[in-house]
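Residue numbers (this note's numbering), protein chains in the order written: chain A, 1 to 291; chain B, 1001 to 1425. Ideal Cβ placement from N, Cα and C applies to all residues, glycine included. Notes follow the structure.
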Amino acid sequence: MKQKKLRNNLHKVMAVPAFILFFIFFIYPLFQSIGLSLTNWNGFSKATFIGIRNFITFFSDSRALNDIKVTVLFALGSAPLLNIFGLVYALLLDKEFKGKSLVRVIVYLPAVISPLIMGYLWYFILQPQRGVLFTVLSHAGWVISGNWLGKSGPALVVLILVNVWQFVGMTMIIYLAGLQTISPEMYEASDMEGAGYWTTLRYVTLPLLLPSIKINVITNIIGSLSVFEIIIALTDGGPGYATESLSIYILRMVHGSFTGYSTAVALILFFIILIPVFISLKVMKRMEYEA
Amino acid sequence: MKRTVTLLMCFVIFGVSFPLFAGGQKEGKKAPVTVTFFTGKSETVDWMDKLIADFNKKYPGIKVTQEFQKDASSVIKVKFASGDIPDITTVVNQDYIDQGMYMDLSNESWWSRILPSIKDLCTDIKSGKQYKVATNVTTAGIFYNKEVFNKLGLKEALTWKDFVGNLETIKKANPGMVPMFLAGKDSWTLGHLIEFLAHGIIKQEYGIMGSRKAFIYNQQDKLKFAQAGGPMDIFAGRIMELKAKGLINSDSLTATYDDQKTALATGKTALISQGMWAFRDIMKINPDAEIGFSPFPAIADGTKPVVISAEDSAYAITSASKHKKEAVIFLNYLFQPDNQKSYSEFLKMPSAFTDVNADWGPLKDDVKKALSIAVNIPFTETPSGFSGDDAGRMVQQLIAGKYATSLDFAKAYADTWNKAWNAAK
């Protein structure tokens, strides 16, 4: 009897190490962050409790508000493009053709390289006046300023495109895995019903691909809203703070003796990420139900 | 039964052997004490690695390890907060001195060998003690292409009017050449312009000690950061003028420090604002480059030209270090005249030690002349939350056209400075 009880509860015992790690590396830091965000700690002096003043300051801090705008614009550009191109690549590379494996590797390869390295690589390509692209275009007779990174608008577009180029392979792989799980009989049935390519895509492929879409949408929203390395390498958040993301702002505030404030900003970013994630989950749950 | 016996035997073997091994370690060679050296000086990493290897060989009881971080002034903050504190560091900041992060070095033997002016710059204004020791004297000013200047008959400019006049002449005579090259991607290079040009007005008005006090205690009545006609307002106006007249590179926001050095070495630009630390690399790129050195022109009417003459290669021992004695031994070794001669010649920078006679480079005479005709000023002691990078980003904004007027820039600068100063209290 006792042994049976033990066996039935063994899974709970097995979960203890995972729970301890989760507590140490997530729950405890989260509560510590909440505590720190309510102080004016500068990283080395004694911290003083200041209530929610850091959160109030955030909403009147023009640099922080600019960084929210940059972060959201980046995510609005990056997350949909990653999903659209990832899906298109997956649909194309799911078909049989010669050299398919090579193309898959080429598309996926940038994703395994560090975003920081990728950023520097693109910097040397796009650098105005002396970058590879400028040199090539100049030799071809094109008169251009090439100042893509020196102005806020074009710089943000470049950042979005480089991010999409780097991580589209990751999105593609997840969609490809999803496509492999769709039974060929489904397509055969659709074919027998006389459905064309687009109808099959709309009523068979996409509904059955919903679990992959869910994973990709969520990870791309999180990844885009917490963007850091690629901006550091390409524009360093500049010119000025024109392309500074909230993640970079948090780090710079820590380095700038505003540790308590930066923790408050980190918590705000946590909620900024949480909101679209929850909305997406809700929408996709309804879509799953309808499908 | 068999399994139990095997298990027991394993315990016995482990129990017997463990003390033996432990004892063996105790009685054998004593493990060396590790002294960690944290630096942000990229140009000296290789030289220091060599010196450390020699030191470790000569002092088998001490093992010095070097850690380099590009953004050292930021990384040290994380190290202090996390307890991963190095024994020796090149990063010294007033906020950390105030927090008692560094060991008092006032009674060390080396001070009698160091230039009094450098000792003054190493002295903490608040306590009168020395928490850092600098081994070199660095200068910063205008590096220019001598060939272009000679060809166009230009003289080193000491006033703003002459400076702009020179740049305009260069632009007119050499349309393909950038008159003055800024390296805005590395924002610290723009931050230096504030320290040298804008703060130069304050530093010459109140002298070295007076201005140090004004910056450290944030005496806004002297700093006048937000005032119309104050140093920041004048400075911003000058930068806007250079941009409007097309006298700086069109990629001044995206060009790097390396691009800047290359541009001067290869004759793509006529002049740059830099410190002596850049000279070694410039000569490495083009050993035949004819480079001159002059002070920064006076940017405000009624002021004098300035040249940075300050402490370089500063070292501090952290108060949290468990190996202070060994850290001092290492610094004593580093400060030996032979090592300092080699360091000065490697860095192409004069030594702060009176007993070191180094042949540090071809700019010796130019620097001597600049120091004699201009007001010698030190670096600015900024709040730790407002580094040269941060100030440089504000200059990036200025060049990008974010501020409608120079006074807007001055007010924004004052606001950011005050915030950082209050946060560090």
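Open item on the list: Using a Cβ-Cβ cutoff of 8 Å, what residues of the region 61 to 76 of chain A are near chain B? List them in chain order.
Closed with: none
Task: 7 Å Cβ cut-off: residues of chain A touching LYS1126/B - done: Numbered from its first residue, the second sequence carries residue 1126/B at position 126. Those within 7 Å of LYS1126/B in chain A number zero; the least Cβ separation is about 15 Å.
TODO: Report the rounded CA-to-CA distance for ALA264/A versus GLU1241/B, giving the unit in angstroms.
DONE: Numbered from 1 along the first sequence, position 264 holds the residue referred to as residue 264/A. Numbered from 1 along the second sequence, position 241 holds the residue referred to as residue 1241/B. Going by the C-alpha atoms only, they are around 40 Å apart.
Open item on the list: Could you compute how far the alpha carbon of LYS1411/B sits from the alpha carbon of ALA1310/B?
Closed with: Within the second sequence, numbered from 1, the residue matching residue 1411/B stands at position 411. Within the second sequence, numbered from 1, the residue matching residue 1310/B stands at position 310. When rounded, the distance between both Cα atoms is 28 Å.
Task: CB contact check: ALA1185/B to chain A, cutoff 8 Å - done: One-based indexing of the second sequence puts residue 1185/B at position 185. Reading the sequence as shown, one finds Lys at residue 1185/B and not Ala. By this cut-off, LYS1185/B is an interface position.
Open item on the list: Considering just the uninterrupted stretch of the beta strand (DSSP E) at LEU1271/B, what are its terminal residues?
Closed with: The count along the second sequence starts at 1 and reaches residue 1271/B at position 271. LEU1271/B -> beta strand (DSSP E) spans 1269 to 1275.
Open item on the list: Under 8 Å, Cβ to Cβ, is there at least one residue of chain B near LEU269/A?
Closed with: As a first step, residue 269/A is located in the first sequence; it is residue number 269 there, counting from the start. No, LEU269/A lies away from the interface with chain B (no Cβ there is under 8 Å from its Cβ).
TODO: Say whether chain B places a C-beta atom closer than 8 Å to the C-beta of PRO128/A.
DONE: Translated into positions along the first sequence, residue 128/A becomes position 128. It does: the Cβ of PRO128/A has a partner Cβ on chain B nearer than 8 Å.
Task: Nearest-angstrom Cβ-Cβ length linking TRP1188/B and GLY1392/B, presumed shorter than 8 Å - done: Counting from one through the second sequence, the residue named residue 1188/B turns up at place 188. Counting from one through the second sequence, the residue named residue 1392/B turns up at place 392. Confirmed, about 5 Å.
- [ ] Kindly list the residues whose CB is nearer than 6 Å to the CB of ASP964/B, restricted to its own chain and excluding five residues on each side of it in sequence; keep chain order.
- [x] Summary: the structure shown does not reach residue 964/B, with chain B confined to residues 1001 through 1425, and so no result is reported for it.
- [ ] Flag this pair as yes or no: are the beta carbons of LEU1115/B and ALA1236/B separated by less than 8 Å?
- [x] To locate residue 1115/B, count along the second sequence from 1; it is residue 115. To locate residue 1236/B, count along the second sequence from 1; it is residue 236. Contact: no.
Task: Cβ-Cβ distance between MET284/A and ILE173/A below 8 Å - done: To locate residue 284/A, count along the first sequence from 1; it is residue 284. To locate residue 173/A, count along the first sequence from 1; it is residue 173. Their beta carbons are not under 8 Å apart, which means MET284/A does not touch ILE173/A by this criterion.
Task: ILE292/A, DSSP secondary structure in three states - done: Because chain A is modelled from 1 through 291, residue 292/A falls outside the range shown and cannot be assessed.
TODO: Report the residues of the region 43 to 55 of chain A with a CB closer than 9 Å to any CB of chain B, ordered along the chain.
DONE: GLY43, PHE44, SER45
- [ ] Can you tell me which of the three DSSP states GLN127/A falls into?
- [x] What you label residue 127/A is simply residue 127 of the first sequence in a count that begins at 1. Looking at GLN127/A - three-state DSSP - the assignment turns out to be coil, as it is neither helix nor strand.
Open item on the list: Let me confirm a value: SER1082/B is counted as buried when at least 16 other C-beta atoms fall within 10 Å, else exposed. Which label applies?
Closed with: Stepping through the second sequence from its first residue, residue 1082/B is reached at position 82. Its Cβ having fewer than 16 others within 10 Å, SER1082/B is exposed.
TODO: Put GLY43/A into one of helix, strand or coil per three-state DSSP.
DONE: Stepping through the first sequence from its first residue, residue 43/A is reached at position 43. Note: GLY43/A maps to coil in three-state DSSP.
TODO: Report all residues from its chain with a CB closer than 6 Å to the CB of PRO1337/B; omit the five preceding and five following residues, and keep chain order.
DONE: Taking the second sequence and counting its residues from 1, the one referred to as residue 1337/B is at position 337. Only ASP1355, VAL1356 meet the Cβ criterion.
TODO: Inspect the beta-carbon positions of PHE74/A and ILE160/A and report whether they are closer than 8 Å.
DONE: Within the first sequence, the letter at position 74 stands for residue 74/A. Within the first sequence, the letter at position 160 stands for residue 160/A. It is a contact, given that the beta carbons lie within the stated cut-off.
- [ ] Just the C-alpha distance for GLU312/A and GLY178/A, rounded to the nearest angstrom, thanks.
- [x] Residue 312/A is absent from the structure shown; chain A starts at 1 and stops at 291.
Task: the region 1237 to 1260 of chain B: positions lying closer than 9 Å to chain A by Cβ - done: ASN1249, SER1250, ASP1251, SER1252, LEU1253, THR1254, ALA1255, THR1256, ASP1259
Task: Under 8 Å between C-beta atoms of PHE1143/B and PHE1293/B - done: Numbered from its first residue, the second sequence carries residue 1143/B at position 143. Numbered from its first residue, the second sequence carries residue 1293/B at position 293. Yes, these two residues count as a Cβ contact at 8 Å.
Open item on the list: Measuring straight from C-alpha to C-alpha, what distance separates ASP1415/B and LYS1126/B?
Closed with: As a first step, residue 1415/B is located in the second sequence; it is residue number 415 there, counting from the start. As a first step, residue 1126/B is located in the second sequence; it is residue number 126 there, counting from the start. For ASP1415/B and LYS1126/B, the distance between alpha carbons rounds to 24 Å.
Open item on the list: Just to confirm before moving on: does the CB-CB distance between ALA1352/B and ASN1136/B stay below 8 Å?
Closed with: Along the second sequence, one-based indexing puts residue 1352/B at 352. Along the second sequence, one-based indexing puts residue 1136/B at 136. For ALA1352/B and ASN1136/B, yes; Cβs fall inside 8 Å.
- [ ] Determine, using beta carbons only, whether ASN1056/B and LYS1063/B come nearer to each other than 8 Å.
- [x] Looking up residue 1056/B in the second sequence gives position 56. Looking up residue 1063/B in the second sequence gives position 63. In contact: ASN1056/B and LYS1063/B (Cβ atoms closer than 8 Å).
Task: Whole-angstrom C-beta distance between TRP148/A and LEU116/A, which should lie under 8 Å - done: Here residue 116/A corresponds to residue number 116 of the first sequence, with the count starting at 1. Here residue 148/A corresponds to residue number 148 of the first sequence, with the count starting at 1. The pair is not a contact, with the Cβ atoms about 19 Å apart (cut-off 8 Å).
TODO: Could you check what DSSP says for ILE1125/B in three-state terms: helix, strand or coil?
DONE: Your numbering for residue 1125/B matches position 125 in the second sequence. Note: ILE1125/B maps to coil in three-state DSSP.
Open item on the list: Please return the same chain residues whose Cβ sits closer than 8 Å to the Cβ of LEU1008/B, not counting the five positions on each side in sequence.
Closed with: For this step, residue 1008/B is matched to residue 8 along the second sequence. Residue placement at LEU1008/B cannot be trusted, given a pLDDT of 49 that sits under 50; what the coordinates show is reported in the next sentence. Correct list: empty, nothing qualifies.
Open item on the list: Would you say SER145/A lies against chain B (beta-carbon separation less than 8 Å)?
Closed with: As a working note, residue 145/A is residue 145 in the first sequence. Closer than 8 Å to some Cβ of chain B, the Cβ of SER145/A qualifies, so yes.
Task: Coarse secondary structure for THR71/A, derived from DSSP in three states - done: Here residue 71/A is taken as the residue at index 71 of the first sequence, counted from 1. Of the three classes helix, strand and coil, the one that applies to THR71/A here is helix, per DSSP.
Open item on the list: Just to confirm before moving on: does the CB-CB distance between ALA1314/B and VAL1092/B stay below 8 Å?
Closed with: The residue you call residue 1314/B lines up with position 314 of the second sequence. The residue you call residue 1092/B lines up with position 92 of the second sequence. Result yes, Cβ atoms of ALA1314/B and VAL1092/B sit closer than 8 Å.
Task: Straight-line Cα distance separating PHE167/A from VAL112/A - done: In the first sequence, counting from the first residue as 1, residue 112/A sits at position 112. In the first sequence, counting from the first residue as 1, residue 167/A sits at position 167. Those two C-alpha atoms are separated by around 9 Å.
Open item on the list: Using the Cβ count rule (16 or more neighbours within 10 Å means buried), how would you classify HIS11/A?
Closed with: The residue labelled residue 11/A in the question sits at position 11 within the first sequence. Exposed, since its Cβ has fewer than 16 Cβ neighbours within 10 Å.
Task: VAL1395/B - DSSP class collapsed to helix/strand/coil - done: In the second sequence, residue 1395/B corresponds to position 395, counting from 1. Looking at VAL1395/B - three-state DSSP - the assignment turns out to be helix.
TODO: Count the C-beta pairs between the region 128 to 144 of chain A and the region 190 to 208 of chain A that are closer than 8 Å, then say yes if the count reaches three, no if not.
DONE: no
Task: Inter-residue Cα distance where the pair is TYR1206/B and VAL254/A - done: Indexing the second sequence from 1 puts residue 1206/B at position 206. Indexing the first sequence from 1 puts residue 254/A at position 254. About 33 Å.
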